[in-house]
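Below is one structure; the comments refer to it alone.
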Amino acid sequence: MALRIGIDLDGVLADMSAALDDHATRLFGPAPSTPAPEPAADAEPSVAPGPETDKPPLQLKRRLTERQHRLLWRHVRRIDGFWEQLDETEAGIVARLAKLASTRRWEIIFLTKRPATAGLTSQVQSQRWLAAKGFELPSVYVVTGSRGLIAAALSLDVVVDDRPENCIDIATDSKARVIAVVRPTEPPPMFLKSTGIDVAASGDEWLKRLVELDESLNEQPGPMERLMRKFGLQRAATS
Numbered sequence: 583m584a585l586r587i588g589i590d591l592d593g594v595l596a597d598m599s600a601a602l603d604d605h606a607t608r609l610f611g612p613a614p615s616t617p618a619p620e621p622a623a624d625a626e627p628s629v630a631p632g633p634e635t636d637k638p639p640l641q642l643k644r645r646l647t648e649r650q651h652r653l654l655w656r657h658v659r660r661i662d663g664f665w666e667q668l669d670e671t672e673a674g675i676v677a678r679l680a681k682l683a684s685t686r687r688w689e690i691i692f693l694t695k696r697p698a699t700a701g702l703t704s705q706v707q708s709q710r711w712l713a714a715k716g717f718e719l720p721s722v723y724v725v726t727g728s729r730g731l732i733a734a735a736l737s738l739d740v741v742v743d744d745r746p747e748n749c750i751d752i753a754t755d756s757k758a759r760v761i762a763v764v765r766p767t768e769p770p771p772m773f774l775k776s777t778g779i780d781v782a783a784s785g786d787e788w789l790k791r792l793v794e795l796d797e798s799l800n801e802q803p804g805p806m807e808r809l810m811r812k813f814g815l816q817r818a819a820t821s
């Protein structure tokens, strides 16, 4: 049976944070040597990142004010084909995934909450980006709700994601195994390990975990074999 895998795009395969850092520098100049002060309690309300993107600006190397957050995303949404311009998190990671998926006959769906930008839809831009990086005919689903419920509805076996809250959601609301991608520069939240979620620090690690999971599932006996074992029967030898 083919392994059914859900893979997040930004932070796992695509380096959106680096692109946002670059555009923030173009808009606001080089990052200051000292972090910007935290906004005052009476400052204008924070803009929730959810409707804008599935990766909050807090993952940038520099701290932005709420006004800068809005200006940055307004700028990004006006860029024609922004999602096709991103680099990979690790050179060649998409092609490596594609090769494994083809060899091991995996069924993969890519998940993202990317907002619309100028040009093609975020879904089509994501498909074109994946194809350009070596993954032919990718299936991309633009998420609008709970990733856990989506994983359950699609009967996914495993999901790879870099957002701790998504990982908890998937582990709670579905039967899918979860691999949380936490880069070496970001200490993994303690609650991830306490929930039994697997943590990987690189593409090498999470690809290896997928192969190991695939092999372990293939080694498990099917329904007929379990029934025969229950009654002490053996399959007839084939000539």
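So for the sequence shown, the numbering used here puts the first residue at 583; every next one is plus one.
By construction, the Cβ of each residue, glycine as well, lies at the ideal position given by its N, Cα and C atoms.
The structure presented is a predicted model; accordingly, all values stated were derived computationally and were not measured.
Residue i classed as buried or exposed, judged by whether at least 16 other C-beta atoms fall within 10 angstroms
i, result
"Ser822", "Residue coverage of the chain in this structure runs from 583 to 821, which leaves residue 822 outside it and unanswerable."
"Leu585", "buried"
"Met583", "exposed"
"Ala714", "exposed"
"Asn800", "exposed"
"Ala758", "buried"
"Leu595", "buried"
"Asp739", "buried"
"Thr671", "buried"
Straight-line gap, residue i to residue j (C-alpha atoms, nearest Å)
i, j, result
"Ala698", "Arg659", "7 Å"
"Ala762", "Val676", "17 Å"
"Ser708", "Thr777", "31 Å"
"Ile752", "Val725", "13 Å"
"Asp662", "Arg710", "14 Å"
"Ala735", "Ile750", "17 Å"
"Leu679", "Leu792", "10 Å"
"Gly588", "Val741", "4 Å"
"Phe773", "Lys695", "24 Å"
"Ser737", "Glu768", "30 Å"
Reference residue i; option with closest CA among the options
i, options, result
"Arg652", "Ala680, Leu602 and Arg687", "Leu602"
"Asp744", "Ile732, Phe717 and Asp780", "Asp780"
"Phe664", "Gly611, Ala613 and Asp592", "Asp592"
"Arg608", "Leu654, Thr647 and Thr685", "Leu654"
"Gly716", "Ala673, Arg686 and Lys757", "Ala673"
"Val722", "Ala733, Ser728, Val706 and Leu682", "Val706"
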